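Top line first, the protein sequences correspond to chains A and B. At the far end of the first sequence sits residue 209, using my numbering, and the numbering has no gaps. At the far end of the second sequence sits residue 209, using my numbering, and the numbering has no gaps. Here the structure comes first, spelled out in structure tokens, and everything after it is commentary.
2 protein chains.
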Amino acid sequence: MQETTAKEPFLAVLRELAQAYHAFSAYSAAHVRQLGLTPAQFDVIATLGNTQGMPLSQLAQKTLITKGTLTGIIDRLEEKGLVRREVPVGDRRSFLAVLTPAGEALFAQVFPAHIDYLKRAFTEGDEGELEQVRRTLRGLRGRFQD
Amino acid sequence: MQETTAKEPFLAVLRELAQAYHAFSAYSAAHVRQLGLTPAQFDVIATLGNTQGMPLSQLAQKTLITKGTLTGIIDRLEEKGLVRREVPVGDRRSFLAVLTPAGEALFAQVFPAHIDYLKRAFTEGDEGELEQVRRTLRGLRGRFQD
DNA sequence: TATTGTTATACTCTATAACTATA
DNA sequence: TATAGTTATAGAGTATAACAATA
Chain A
64 MQETTAKEPF
74 LAVLRELAQA
84 YHAFSAYSAA
94 HVRQLGLTPA
104 QFDVIATLGN
114 TQGMPLSQLA
124 QKTLITKGTL
134 TGIIDRLEEK
144 GLVRREVPVG
154 DRRSFLAVLT
164 PAGEALFAQV
174 FPAHIDYLKR
184 AFTEGDEGEL
194 EQVRRTLRGL
204 RGRFQD
Chain B
64 MQETTAKEPF
74 LAVLRELAQA
84 YHAFSAYSAA
94 HVRQLGLTPA
104 QFDVIATLGN
114 TQGMPLSQLA
124 QKTLITKGTL
134 TGIIDRLEEK
144 GLVRREVPVG
154 DRRSFLAVLT
164 PAGEALFAQV
174 FPAHIDYLKR
184 AFTEGDEGEL
194 EQVRRTLRGL
204 RGRFQD
């Protein structure tokens, strides 16, 4: 996926996709780590924010983290006192992952700050253009998973 | 980066970027692992293919892998007999990473197959569209690193 | 039997920084 | 001093499969 050739335009697209994602990741992670969280941990906090909690299965779906890995991430967030497991009524096979008060406080404090940080990369007011970019990416994703 | 709000269209874009990349990664990695390589190892093999080898520093740049990690990856590829380190004339601080004959054979065998595999996601003949997608991604990347 | 999540194993990759050898 | 790469440390994510509890 390294050499861009005129013969394989789709390779150039994939390389750009990887590089765009990498650039975004590095940009975002630099900020997240200052908060003492890994990107995956931040993702979980951000996903649980403003919810009543959700089953680990649903959390795994939303964060794109596999269930085995998620167990470890939730463990570490529990150690930090940011998340707790709650047994939902009606199905004792599962747990809800829920933000603790400390987790909610952290979310309220750092999530908007992170959004602002990300937003700095989008200074110009290109509204309709963003919608077009979003559609383009949606289409690209669809090629690999539909 | 989970909830898409009309108020923050750029968040929707970033979420799509993450999901598009994730979908592509999963699609590609499923094939790569069948070859007994990790995605990072495949990336190195693919980058070294059809070259005379290159300094680890350059390889790190191209693959987006940091130099510390690259040391370990090259070590494992050396153990597999696919890559060797070569001391270039004129600068004994560095090494060239070079495919061994076995590495070249593997490259010749699996690289085109992988390209074909990836290509299956791009069945329609949308030539000019791909160029547009590439430009869109290039622009998105630029927001985070320029 | 199927589902949810945990555990175990064994690797692989990551970031960071200190370190060695060479330039 | 600066550069190329290695090493050390510590943590985090991956795949896979077996497992327990519940449905």
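Note that the Cβ used here is the ideal one computed from N, Cα and C, for glycine as well. Just so you know, these numbers come straight off a predicted model, no measurement behind them.
query: Using a Cβ cut-off of 8 angstroms (strictly closer), state whether histidine 85(B) contacts chain A.; result: yes
query: Report the start-end ranges of each beta strand (DSSP E) in the stretch 114 to 181 of chain A that is 3 residues or longer and not cut off at the edges.; result: 146 to 149, 159 to 162
query: Mind pulling the chain B residues with CB within less than 9 angstroms of valine 76(A)?; result: Phe185, Leu193, Glu194, Val196, Arg197, Leu200
query: So which residues on chain B does lysine 182(A) lean against when the C-beta distance must stay under 9 angstroms?; result: Glu71, Phe73, Leu74
query: I'd like to check one pair, glutamine 104(B) with leucine 140(B): are the Cβ atoms closer than 8 angstroms?; result: yes
query: Taking just the CA atoms, how far does threonine 163(B) sit from glutamate 142(A)?; result: 47 angstroms
query: Does glutamate 71(A) come out as helix, strand or coil in the three-state DSSP assignment?; result: coil
query: What residue does the alpha helix (DSSP H) around arginine 198(A) start on, and which one ends it?; result: 190 to 208
query: Taking Cβ-Cβ distances shorter than 7 angstroms, what residues in chain A pair up with glutamate 190(B)?; result: Pro72
query: Along chain A, which residues have their Cβ under 8 angstroms away from the Cβ of leucine 127(B)?; result: Ala81, Gln82, His85
query: If you compare alpha carbons, which of Pro118(A), Lys125(A), Phe174(A) is closest to proline 151(A)?; result: Pro118(A)
query: Does histidine 186(B) come out as helix, strand or coil in the three-state DSSP assignment?; result: It should be noted that the sequence gives threonine, not histidine, for residue 186(B). Threonine 186(B) falls in the coil class under three-state DSSP.
query: Alpha carbon to alpha carbon, how far is valine 107(A) from arginine 155(B)?; result: 46 angstroms
query: So what does DSSP say about leucine 80(B), is it helix, strand or coil?; result: helix
query: When the Cα atoms are used, what is the spatial distance from serine 91(B) to glycine 205(A)?; result: 14 angstroms
query: Alpha helix (DSSP H) containing leucine 100(A): first to last residue?; result: Segment: none, leucine 100(A) is in no alpha helix (DSSP H) and carries neither H nor E.
query: Under a Cβ-count criterion, where at least 16 other Cβ atoms within 10 Å of its own Cβ denotes burial, should threonine 126(B) be classed as buried or exposed?; result: buried
query: Apart from the five residues on each side of it in sequence, which residues of its chain come closer than 6 angstroms, Cβ to Cβ, to arginine 148(B)?; result: Phe158
query: Given that leucine 203(B) touches chain A, what residues does it touch there, using C-beta distances under 7 angstroms?; result: Ala83, Val196
query: By Cβ distance, which residues of its chain are closer than 7 angstroms to leucine 133(B), with the 5 residues on each side in sequence left out?; result: Leu119, Leu122, Ala123
query: Is the Cβ of isoleucine 178(B) closer than 8 angstroms to any Cβ of chain A?; result: yes
query: Does the beta-carbon distance from glutamate 192(B) to leucine 200(A) come in below 8 angstroms?; result: no
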